[in-house]
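In this text, residue positions in the sequence shown follow my numbering: the first is 1233, and each later residue adds one.
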Amino acid sequence: SANAMWGGRFAAGPAAIMQQINASIGVDKRLYAEDIQGSLAHAAMLAKQGIVTETDAAAIAKGLNQVKAEIEAGHFEFKVALEDIHMNVEQRLKELIGEPAGRLHTARSRNDQVATDFKLWVRRACDEVAAETRNLVAALIDRAEEEAATVMPGYTHLQPAQPVTFGHHLLAYVEMLGRDLGRLADARKRLNESPLGAAALAGTTFPIDRQMTAKALGFDRPTANSLDSVSDRDFALEYLSALSILAVHLSRLAEEIVIWMSEGFRFVTLSDAFTTGSSIMPQKKNPDAAELVRAKAGEVIGLTVQLLIILKGLPLTYGKDMQDDKAPTFAATDTVLLSLAAMAGMIRDLTPNRARMREACERGFLTATDLADWLVKHLGLPFRDAHHVTGTLVKMAEDKGKGLSDLSLAEMQSVEPRIGDSVYPVLKVENSVAGRKSEGGTAPDNVRAAAKAARERLL
Ligand code: ARG
């Protein structure tokens, strides 16, 4: 016939440009395993319900397994003329087993077929992204334990604020990634209903058993509404939204690595394995991997927005627009998996410069809050007055080009006569962090306990 797929209704084949815009096989061949898995479940159900014979179902199953083997061996010839993965698999099945292949599509449409395949794919992707996220979480927890007592400046507005520990800082990212894992688990749970059996849009007149196929494919239950079943791409949106937030977290950490690597900071170094050189400047070692992770969040967010816009305003039920759901979903998955792996590599690779971090704590009057707290606790000053006294002392130290702890007792007493010698220990950076034992605080003991708890909760 002149048309490879719909020769009954169609006298002529598509224009070349029609074929080019319509075919999705270049993208959706990645669904081959899910497509065959779905078809195997469907065929077994058709046989059990007496809709096809056991003999035909057995031939279909054998043929589908052979198609799968051919694809995995790299022998399969994907044909653009056959549009998509579903038609490519079915056509090859027909070549292999003949007439029974034509019975597979009974009580099914590509609309419920593709929704099923894509859900199975996204479900597995949730698991793969979660595994790679846990790999990064493990790296962060390991390093946090090593650096539980390493002091560094904590910042607000990127201005030095109070001393914290590097371990505590790394564990902040563990919390973010823990929420990302929760979002992936939620998305996975909500998507886990089987659209198979919704057929084109309205259900089918055949006595199918949707419970059976749902169970065979690991879904919790069949979807409730046939129209929604073939129209719904919430599952991809929810998954992509979770990836976007995850990518934003990775980009924030990436930016911090870039800052820590910069000349003004030098808080960490990355080895040759995670830096690149310059073609002109021989001295350079650039944190390119971190910069690229920072950039790739833009791609993931863009892909998420792309799918939101594709779906916006689409009337029920299926529209061919929905075929373009896969490219952004696949691309965002690949990019996030790569970013996660690169970030885990950098976290394990980086060497903290503990001396530089300690020095930076001395420069920025970081223990000013500790001094104000001391005035409250030991002299009974209201915090606002203590804040004012401390501010005056910071100004004095700054004018004299010294740190707070370099001020003599006489200098301090010129501002507040009741200040005594016992103020000096609280100005020490190590004491500042060690004292912050409030729940969730930065004290090294807290960091060790938090690392242990995170390990138990997330890994
Ligand atoms: N390749 C199509 C997709 O990915 C399969 C569904 C086609 N259905 C249709 N009614 N044309 O969306």
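C-beta: ideal position from N, C-alpha, C; glycine also.
Which residue from F1597, L1296, M1384 puts its Cα closest to that of F1497? For the residues F1597, L1296, M1384, the minimum Cα distance to F1497 belongs to M1384.
Out of L1428, T1583, L1478, L1416, state which residue places its alpha-carbon closest to the alpha-carbon of D1464. Of the listed residues, the one whose Cα sits closest to D1464 is L1428.
Of the residues R1241, Q1251, F1350, the one placed nearest Y1264, counting alpha carbons only: Here the closest residue by C-alpha is F1350.
CA-to-CA distance, R1366 to Q1345, given in whole angstroms: In a straight line, the C-alpha of Q1345 is about 32 Å away from that of R1366.
For D1316, verify whether its CB is less than 6 Å away from any heavy atom of the ligand ARG. D1316: yes, Cβ under 6 Å from the ligand ARG.
Taking the Cβ atom as the reference point for each residue, do D1288 and R1335 lie within a distance shorter than 7 Å? Less than 7 Å separates the beta-carbon of D1288 from that of R1335.
According to the Cβ coordinates, are H1274 and R1324 closer than 7 Å? No. Outside cutoff.
Using only the alpha-carbon positions, how far apart do E1379 and I1257 sit? Here the alpha carbons of I1257 and E1379 stand approximately 50 Å from one another.
Could you name the residues that DSSP lists as bridge partners for G1386? For G1386, which the question treats as bridged, DSSP gives the partners Q1394.
For N1254, verify whether its CB is less than 6 Å away from any heavy atom of the ligand ARG. Result no, Cβ not under 6 Å from the ligand ARG.
Per DSSP, the bridge partner or partners of D1426: Residue 1426 is actually Ser in this sequence, not Asp. In the DSSP output, where bridge partners are listed per residue, S1426 has P1454.
Quick one: any contact between the stretch 1350-1365 and the stretch 1401-1418, if contact means 3 or more CB pairs under 8 Å? The way I'd put it, the stretch 1350-1365 does touch the stretch 1401-1418; three or more beta-carbon pairs between them come closer than 8 Å.
Which residue wins for smallest C-alpha separation from D1520, given the options V1537, L1539, M1493? Out of V1537, L1539, M1493, M1493 has the C-alpha closest to the C-alpha of D1520.
Within the present structure, is the beta-carbon of V1679 separated from the nearest heavy atom of the ligand ARG by less than 6 Å? V1679 Cβ: outside cutoff for every heavy atom of the ligand ARG.
Quick one: Cα of D1460 to Cα of L1548, how far? Straight-line Cα distance between these residues: approximately 8 Å.
Check: N1343 C-beta below 6 Å from any heavy atom of the ligand ARG: Because some heavy atom of the ligand ARG lies under 6 Å away, the Cβ of N1343 counts as near it: yes.
According to DSSP, is P1657 helix, strand or coil? DSSP places P1657 in helix when its eight states are reduced to three.
Along the chain, where does the alpha helix (DSSP H) containing V1467 start, and where does it finish? Reading the sequence as shown, one finds Phe at residue 1467 and not Val. That run of the alpha helix (DSSP H) goes 1466-1493.
Within 10 Å of its beta-carbon, does G1509 have 16 or more other beta-carbons around it, so buried, or fewer, so exposed? Only exposed fits G1509, as fewer than 16 other CB atoms lie within 10 angstroms of its CB.
Comparing C-alpha positions only, which one of L1691, L1690, D1677, F1451 sits nearest to F1398? Taking only the C-alpha atoms, the option nearest F1398 is D1677.
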